[in-house]
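**Q** Using the working numbering, you'd call the opening residue of the sequence shown number 260 and step up by one each time.
Glycine included, each C-beta is placed from N, C-alpha and C at the ideal position.
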Amino acid sequence: MSNFIFLHGLQIKTKIGVPDFERKQYQILHLDVDIQLHKNSSFDIDDIEETLDYAEIERIIVTIGDNHSYKLLESFGEEIISTIKERFTVKTIELKIAKNKIIPSTDFVGVILKR
Numbered sequence: 260m261s262n263f264i265f266l267h268g269l270q271i272k273t274k275i276g277v278p279d280f281e282r283k284q285y286q287i288l289h290l291d292v293d294i295q296l297h298k299n300s301s302f303d304i305d306d307i308e309e310t311l312d313y314a315e316i317e318r319i320i321v322t323i324g325d326n327h328s329y330k331l332l333e334s335f336g337e338e339i340i341s342t343i344k345e346r347f348t349v350k351t352i353e354l355k356i357a358k359n360k361i362i363p364s365t366d367f368v369g370v371i372l373k374r
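Take a look at the structure:
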């Protein structure tokens, strides 16, 4: 049995992109994160100390977006995953990051990282 927490549909503003013009203005990124918890028993106990706080995960992502500028979504995603794994004991993290309207014929482009 596996237990996950997730945040889907998180939107943050950050400066990211390979071309200089992309990093000169804020863009909205769309993120979904699924985190497999290391302890299955945390769902049996009604105690926030035994699981991950959704708000803390959101704060980590927003803080990284506010304080760093990346060219690649991949690098941004790696920073998010490594920070979460440094702060919490988790089994796996799957992170989906999408940017919209970068290629005119698409709604979104993005990456999915699983660690």
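#1: Could you give the distance in angstroms between the alpha-carbon of E309 and the alpha-carbon of I371?
#2: Taking just the CA atoms, how far does I264 sit from I304?
#3: Using CA atoms only, rank isn't needed, just tell me which of E281, L269, Y285 and V292 is closest to K373.
#4: Mind checking G324: buried by the 16 CB within 10 Å criterion, or exposed?
#5: Tell me which residues share the same chain as Q286 and place their Cβ nearer than 8 Å to its Cβ, disregarding the 5 neighbours each side in the sequence.
**A** So, to answer that:
#1: Within the sequence shown, residue 309 is the residue found at index 50, counting from 1. Within the sequence shown, residue 371 is the residue found at index 112, counting from 1. So the alpha carbons of these two residues sit roughly 27 Å apart.
#2: As a first step, residue 304 is located in the sequence shown; it is residue number 45 there, counting from the start. As a first step, residue 264 is located in the sequence shown; it is residue number 5 there, counting from the start. Going from the Cα of I304 to the Cα of I264 covers about 15 Å.
#3: Residue numbering aside, residue 373 sits at position 114 when the sequence shown is read from its first letter. Of the listed residues, the one whose Cα sits closest to K373 is V292.
#4: Mapped onto the sequence shown, residue 324 falls at position 65. Result: buried.
#5: Here residue 286 refers to the residue found at position 27 when the sequence shown is read from its first residue. Excluding residues within five positions, the ones whose Cβ falls inside 8 Å are K272, T273, K274, I275, G276 and K358.
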